[in-house]
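Residue numbers (our numbering), protein chains in the order written: chain A, 1 to 338; chain B, 1 to 338.
Just so it is clear, CB atoms sit at the ideal spot from N, CA and C, and this is done for glycine as well.
All of these numbers come straight from a predicted model, not from anything done at the bench.
Report on one structure; see the data block that follows.
2 protein chains.
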Amino acid sequence: MKFASLKHPTNRDGVLHLVDRKLQSAVDVSDIAPTLQFALEHWAALERKLLDEYESLECGTDRPVIDFAKALDDGLVAAPLPRTYQWLDGSAYLSHVERVRRARGDKVPESFYHDPLMYQGGGDAMMGPRDDLECLSEDWGIDLEGEVGVITGDVKMGASPAEAAAAVRLVVLINDVSYRKLIPGELAKGFGFVNSKGLNALSPVAVTPDELGSAWCDQKGAGKLDYRLICHVREKWFGNPNAADDMTFSLFDLVSHAARTRPLKAGALIGSGTVSNHDVATGYACIMEKRLVEQVELGAAKEDFLRFGDSVEIDMFDHQGETIFGAIKNRVTKAGAN
Amino acid sequence: MKFASLKHPTNRDGVLHLVDRKLQSAVDVSDIAPTLQFALEHWAALERKLLDEYESLECGTDRPVIDFAKALDDGLVAAPLPRTYQWLDGSAYLSHVERVRRARGDKVPESFYHDPLMYQGGGDAMMGPRDDLECLSEDWGIDLEGEVGVITGDVKMGASPAEAAAAVRLVVLINDVSYRKLIPGELAKGFGFVNSKGLNALSPVAVTPDELGSAWCDQKGAGKLDYRLICHVREKWFGNPNAADDMTFSLFDLVSHAARTRPLKAGALIGSGTVSNHDVATGYACIMEKRLVEQVELGAAKEDFLRFGDSVEIDMFDHQGETIFGAIKNRVTKAGAN
């Protein structure tokens with residue numbers, strides 16, 4: 001199934017829709033589950049009903065069908081999960097971490113290869129896939145981070161990766177917005193990120209793992225998504241790293257890590273961290289990483305962080321060239337300028 | 001007004017109730033606002049109606065009245081906000097930080113006196129005031145942290161402390177559960193707390209600032225609560241620090257800091273950090289701090305962290321000796337033992 005939430009003037013969770021495989025049409029299923037959060041909390045009872053509607057949408061439905069592609073272009077589509085009680089972001093691609101460390105003449109601690117890095121983020125407002133990224137200042141060092149994430153049902157405290165896998169309900173793409181110039185000062189304080197992370201954007205749809213076929217849980221390992229993440233910055237190609245390659249911790253490992261000392265409740269969003277491959281020819285899913293490589297190889301960083309008016313795009317295609325999640329496209333704007 | 005949420009078998013947000021000033025009786029107001037989250041999102045439209053019901057509860061109401069004190073003893077009361085999309089915890093009492101640093105022969109950086117420490121926590125499940133604190137292991141170094149917190153309406157990005165003040169809707173007590181022995185390893189990784197913080201418990205009721213009279217925003221400064229936080233550990237007195245004394249950053253400062261680069265959405269919970277006074281005679285609101293003082297003064301820490309079966313209690317009384325928020329009482333149990 002593919003789920004989207006359409007924006008609503010007063011309901012901050014949006015209105016739940018099912019979207020066809022090619023992201024062209026959608027039906028309102030809010031009579032079955034008003035919101036995606038509700039569906040996640042009552043998954044066992046509602047999954048069959050939702051699946052019936054999804055199959056009808058592909059084969060012919062009695063429900064009024066809306067033009068999803070147009071709704072998306074018109075900015076009417078919210079994040080599939082417009083807010084979450086739990087947003088935790090791992091850092092599963094150590095080539096990303098290695099480049100950060102190398103640029104400051106450091107090595108990656110050995111423990112990083114078996115104990116995942118993860119930070120707790122704020123989930124009270126996820127940007128829609130086409131929403132503007134509003135900032136007060138360009139001096140923050142505005143950057144994208146292209147990621148894959150999973151949305152879970154309830155996960156018990158101490159869940160193993162296999163138990164975590166059974167609780168994964170949906171897969172989604174994430175633009176984890178970072179303010180690079182605020183990070184060093186904030187991390188030096190020792191308590192993680194608060195001001196140095198912005199609101200995230202999610203892809204237009206969140207999909208059930210069965211939509212991903214053999215690209216999910218294939219020979220590269222369970223809980224890894226074997227497709228390339230296509231990133232554009234300022235309307236130019238920026239990278240297409242494979243999301244399963246060079247991934248030290250799977251998404252199941254990350255969910256298990258997150259649940260080590262506390263249960264996770266339905267609707268938790270767990271991110272992979274910035275997708276990154278060792279092979280620099282695959283480019284980058286964040287500007288900082290390109291700057292670090294430039295710094296080491298050219299003596300100075302050249303690629304600028306995002307400025308007002310700049311745009312980023314994050315997408316992923318199946319082997320037939322069809323978009324799986326739809327594209328995230330965010331343009332940076334000055335907050336309060338509209 | 002004083003708000004509580006009663007537990008419900010399927011609704012994770014509980015059922016909204018108004019509670020009388022002395023916490024003896026309560027009325028279901030879920031026909032006005034089904035949940036506290038809903039009330040916070042529609043505050044301007046609902047505040048007057050809720051206030052009318054609150055005044056009726058004090059003077060004589062047509063609604064069925066329940067015995068709130070009994071419901072609390074029977075474990076039927078959830079956290080007033082049973083889950084939140086945004087839980088951010090400051091560290092406003094620098095005597096707490098100074099003791100941590102002194103024990104390792106360090107000084108507090110000068111910047112800590114004007115740039116607040118704050119971490120992002122997980123808010124997907126707040127423990128009820130009398131719920132058990134379930135852990136898998138005593139080896140985690142289980143500790144309480146007694147705090148004051150505020151619950152806000154929408155706060156715009158870049159809000160000043162005065163603008164933050166206008167968005168504060170409710171005040172609450174918090175037990176911010178910490179796993180001390182997991183903290184050093186996790187903070188060394190640099191991304192803040194994930195495994196080393198447990199679920200938090202909230203006090204039985206959350207109160208509107210007008211309930212606090214001159215103790216809120218009095219001569220000690222706006223956004224500080226001039227009452228003592230009474231803490232018991234293992235049923236013995238542990239501390240009664242004054243929550244307004246030695247508070248470097250007010251709760252309004254902390255909300256403003258949290259909103260520096262992103263808006264906060266209605267229902268955000270912002271904590272003060274562990275209440276702590278320079279005068280050691282006031283005792284402590286967490287075990288670690290007592291251990292650090294023992295380490296410096298006696299050569300070794302004596303007070304043990306919490307063990308299975310141990311209990312903690314956090315409360316606050318007005319000048320008439322009446323509890324304001326009701327007591328948080330949590331007992332540590334082994335998860336899965338029941």
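Locate the beta strand (DSSP E) running through Q120(B), then write down its first and last residues. According to the DSSP assignment, Q120(B) belongs to the beta strand (DSSP E) that extends over M118 to G121.
Excluding the 5 residues flanking T333(A) on each side, which residues of the same chain have their C-beta closer than 8 angstroms to its C-beta? D132, L133, E134, C135, F308 and G309
Beta carbon of Y54(B) nearer than 8 angstroms to that of Y85(A): no
R228(A) burial status per 10 Å Cβ neighbour count (16 or more: buried): buried
Who are the Cβ neighbours of F112(B) in its own chain at under 7 angstroms, not counting the five residues just before and after it? L94 and V97
Would you decide whether R383(B) is buried or exposed? Buried here means 16 or more other CB atoms lie within 10 Å of its CB. The question about residue 383(B) has no answer, for chain B in this structure spans 1 to 338.
What in chain A is Cβ-close to E41(B), meaning under 7 angstroms? Contacts between E41(B) and chain A, judged by CB atoms closer than 7 angstroms, involve R12 in chain order.
Counting contacts by CB-CB distance shorter than 8 angstroms, is T35(B) in contact with chain A? no
Cβ distance (whole Å) where L170(B) is taken to contact V150(B) below 8 angstroms: 7 angstroms
Under 8 angstroms between the Cβ atoms of C286(A) and L144(A)? In contact: C286(A) and L144(A) (Cβ atoms closer than 8 angstroms).
In the DSSP assignment, what residue or residues form a beta bridge with W87(B)? G121(B) and L269(B)
Cross-chain neighbours of W140(B) in chain A, by beta carbon under 7 angstroms: T261
Within chain A, partners of V172(B) - CB distance below 8 angstroms: In chain order: nothing, as chain A lies at least about 17 angstroms away.
Distance cutoff 8 angstroms, beta carbons only. Does M157(A) sit that close to anything in chain B? yes
Taking DSSP's pairing of strands, which residues face T152(B) in a bridge? V168(B)
Grouping DSSP H, G and I as helix and E and B as strand, with all else coil, what is L133(A)? strand
I think N200(B) touches V177(B), with their Cβ atoms under 8 angstroms apart; what is that distance to the nearest whole Å? 6 angstroms
Using the Cβ count rule (16 or more neighbours within 10 Å means buried), how would you classify G198(B)? buried
Minimum C-alpha distance to Q320(B) - residue among Q295(B), G213(B) and R262(B): Nearest to Q320(B) by alpha-carbon distance, out of Q295(B), G213(B) and R262(B), is G213(B).
M288(B) touches chain A at which residues, Cβ-Cβ below 8 angstroms? In chain order: nothing, as chain A lies at least about 15 angstroms away.
Give me, in chain order, the residues of the same chain whose beta-carbon lies closer than 8 angstroms to that of A335(A); leave out the 5 immediate sequence neighbours on both sides. E134, C135 and L136
Between the C-alpha atoms of S30(B) and V77(B), what's the straight-line distance to the nearest angstrom? 15 angstroms
Alpha carbon to alpha carbon, how far is A4(A) from G158(A)? Spanning the two alpha carbons is a distance of roughly 31 angstroms.
Ends of the beta strand (DSSP E) at H232(A)? Taken as a continuous stretch (DSSP letters only), the beta strand (DSSP E) holding H232(A) covers L229 to V233.
So if I threshold CB-CB distances at 7 angstroms, which residues from the segment 101-126 of chain A count as touching chain B? L117, M118, Y119, Q120, G121, G122, G123, D124 and A125
Tell me whether the beta-carbon of A222(A) lies closer than 8 angstroms to the beta-carbon of S250(A). yes
Could you have a look at D315(B) and say whether DSSP puts it in helix, strand or coil? strand
Where K334(B) sits in the DSSP three-state scheme: strand
Could you tell me whether the Cβ of Q219(B) comes closer than 8 angstroms to any Cβ of chain A? no
Please tell me whether Q86(B) has its Cβ less than 8 angstroms away from any Cβ of chain A. yes
Taking the beta carbon of V296(B) as the centre, do at least 16 other beta carbons fall within 10 Å, making it buried, or is it exposed? V296(B) comes out exposed.
At a cut-off of 7 angstroms, is E134(A) close to the ligand MN when judged by its beta-carbon and the heavy atoms of the ligand? Absence of the ligand MN from the depicted structure is noted, as is the absence of any ligand whatsoever, leaving it without description.
Helix, strand or coil at Y284(A) [DSSP, three-state]: DSSP places Y284(A) in the coil class of the three-state scheme, outside both helix and strand.
Nearest to P263(B) (by Cα), restricted to the options R291(B), L202(B) and A167(B): A167(B)
N195(B) CB to nearest chain A CB: under 8 angstroms? yes
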